Amino acid sequence: MSNLVRSELLKIRTTSTWWWLAIGALLSIAMAFPLNAWLFNTTVDGGGEELGVTGDAASAPAQAANLYTSGQYLGLLFVMLIGILMVTNEFFHQTATTTFLATPRRSAVIVSKLIAASLLGFAFWLVTTVIDLGAGAAFLALNDHGTLLGEWEVQRALLLNLMAYAIWTVLGVGIGTLITNQLGAVITASVLYLIGTQVIGVLFLLLSSWLDSMAVLKWQVIWPAAASQIMITPGESEMFPPWWVGALVLVGYALASGIVGLLLTRRRDIS
Numbered sequence: 006m007s008n009l010v011r012s013e014l015l016k017i018r019t020t021s022t023w024w025w026l027a028i029g030a031l032l033s034i035a036m037a038f039p040l041n042a043w044l045f046n047t048t049v050d051g052g053g054e055e056l057g058v059t060g061d062a063a064s065a066p067a068q069a070a071n072l073y074t075s076g077q078y079l080g081l082l083f084v085m086l087i088g089i090l091m092v093t094n095e096f097f098h099q100t101a102t103t104t105f106l107a108t109p110r111r112s113a114v115i116v117s118k119l120i121a122a123s124l125l126g127f128a129f130w131l132v133t134t135v136i137d138l139g140a141g142a143a144f145l146a147l148n149d150h151g152t153l154l155g156e157w158e159v160q161r162a163l164l165l166n167l168m169a170y171a172i173w174t175v176l177g178v179g180i181g182t183l184i185t186n187q188l189g190a191v192i193t194a195s196v197l198y199l200i201g202t203q204v205i206g207v208l209f210l211l212l213s214s215w216l217d218s219m220a221v222l223k224w225q226v227i228w229p230a231a232a233s234q235i236m237i238t239p240g241e242s243e244m245f246p247p248w249w250v251g252a253l254v255l256v257g258y259a260l261a262s263g264i265v266g267l268l269l270t271r272r273r274d275i276s
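When the letters of the sequence shown are read in order and numbered with my numbering, they come out as residues 6 to 276.
Right, dumping it as structure tokens:
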């Protein structure tokens, strides 16, 4: 299994795609961090209600957790695409037959891809988190808040963000086994993630207005992208369920994705 994992990592390292995705992840931090820094100052200074940020979510530790996980939204998209490419590259470059002839146990191949994908997710999390920690700690210290890294809410958000990165690479592998056409898989996953998430948010907002109940908005957690964000958000509000609900939903998607991927690959005719 270790040899299979190393071979999967080698396949990724020898292509330029992961570099472009890594650059995209860094740019996402550059875009998200200033916005989250402004949100921190506005909320902590008492302007949270105007932005719909109230309760536990308006506390300094909660906002610091948001600051230290800047760039997560697009970062998860990029690691998902890496997971997709790890599978679809085999079909795009017509190496799937060779791969499964060299390793007839297809389950072992998919498991190695899942492990390798999780390791890449960890690498992306590590680099982006180090950048967020440096910039976030400097920003908070300059604004006389301290680093707030000793707060459990912040530490939990960082750890759960790690889990989110690992899970989304696993989801990417699952999507790649479901849609083997590389272009089709990348476009479908990207549209569902970027546009689908916004559509789901609007639908639940309209539904909550129709039913005159803000509690309906909590059901957004069934959408994996929303679950990721909720998972790293401390506390509970009228709009979001507790963080652990998002974590359970995301773990459920990961398990389902991995199982479906194994079953499809074992049954698929590859020639």
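C-beta atoms are modelled at their ideal positions from N, C-alpha and C, and glycine is treated no differently. Remember, predicted model here, so these are calculated numbers, not experimental data.
I115 and G266 have their C-alpha atoms roughly 7 Å apart. DSSP places S75 outside both helix and strand once states are collapsed to three, so it counts as coil. For G155, the three-state secondary structure derived from DSSP is coil. Inter-residue distance for V226 and I184 is about 25 Å (C-alpha atoms, whole angstroms). Annotated three-state conformation of P246 is coil, per DSSP.
In the structure shown, S213 falls within a helical segment according to DSSP collapsed to helix, strand and coil. For W43, the enclosing alpha helix (DSSP H) stretches over residues T22 to T47. DSSP places D149 outside both helix and strand once states are collapsed to three, so it counts as coil. Ranked by how close their Cα comes to the Cα of L269, the residues T182, F129, L40 and S214 have T182 in first place.
Within 10 angstroms of the beta-carbon of V159 lie 16 or more other beta-carbons, which makes it buried.
For L14, the enclosing alpha helix (DSSP H) covers residues S7 to R18.
Linking L197 to L188 through their CA atoms gives a straight-line distance of about 14 Å. In chain order, E13, K16, I17, K118, A121, A122, G177, V178 and G181 place their CB closer than 8 Å to the CB of M91, counting only its own chain and leaving out the 5 sequence neighbours on each side.
In the three-state reduction of the DSSP assignment, T134 falls in the helix class. The continuous alpha helix (DSSP H) containing T193 extends over residues Q187 to V196.
When only Cα atoms are considered, L31 and M168 end up about 19 Å apart. Per DSSP, reduced to three states, the secondary structure at T182 is helical. Rounded to whole angstroms, the gap between the alpha carbons of V191 and T134 is 25 Å. Judged by beta-carbon spacing, G88 lies beyond the 7 Å limit of T19, meaning their Cβ atoms are not closer than that value. In this structure, A232 keeps its C-beta atom at 7 Å or more from the C-beta atom of I172. Cβ-Cβ separation between A37 and H150: approximately 19 Å, too far for a contact (criterion under 8 Å). When rounded, the separation of the alpha-carbon atoms in V84 and M236 is 17 Å. Excluding sequence positions up to five before and after L26, its CB lies within less than 7 Å of the CB of F83, L86 and I87, all in the same chain and listed in chain order.
When DSSP states are grouped into helix, strand and coil, I237 belongs to the coil group. Of the candidates S7, M219 and L165, the residue whose Cα lies closest to the Cα of L253 is L165. The residue among P247, T74, S7 and T202 with its C-alpha nearest the C-alpha of V132 is T74.
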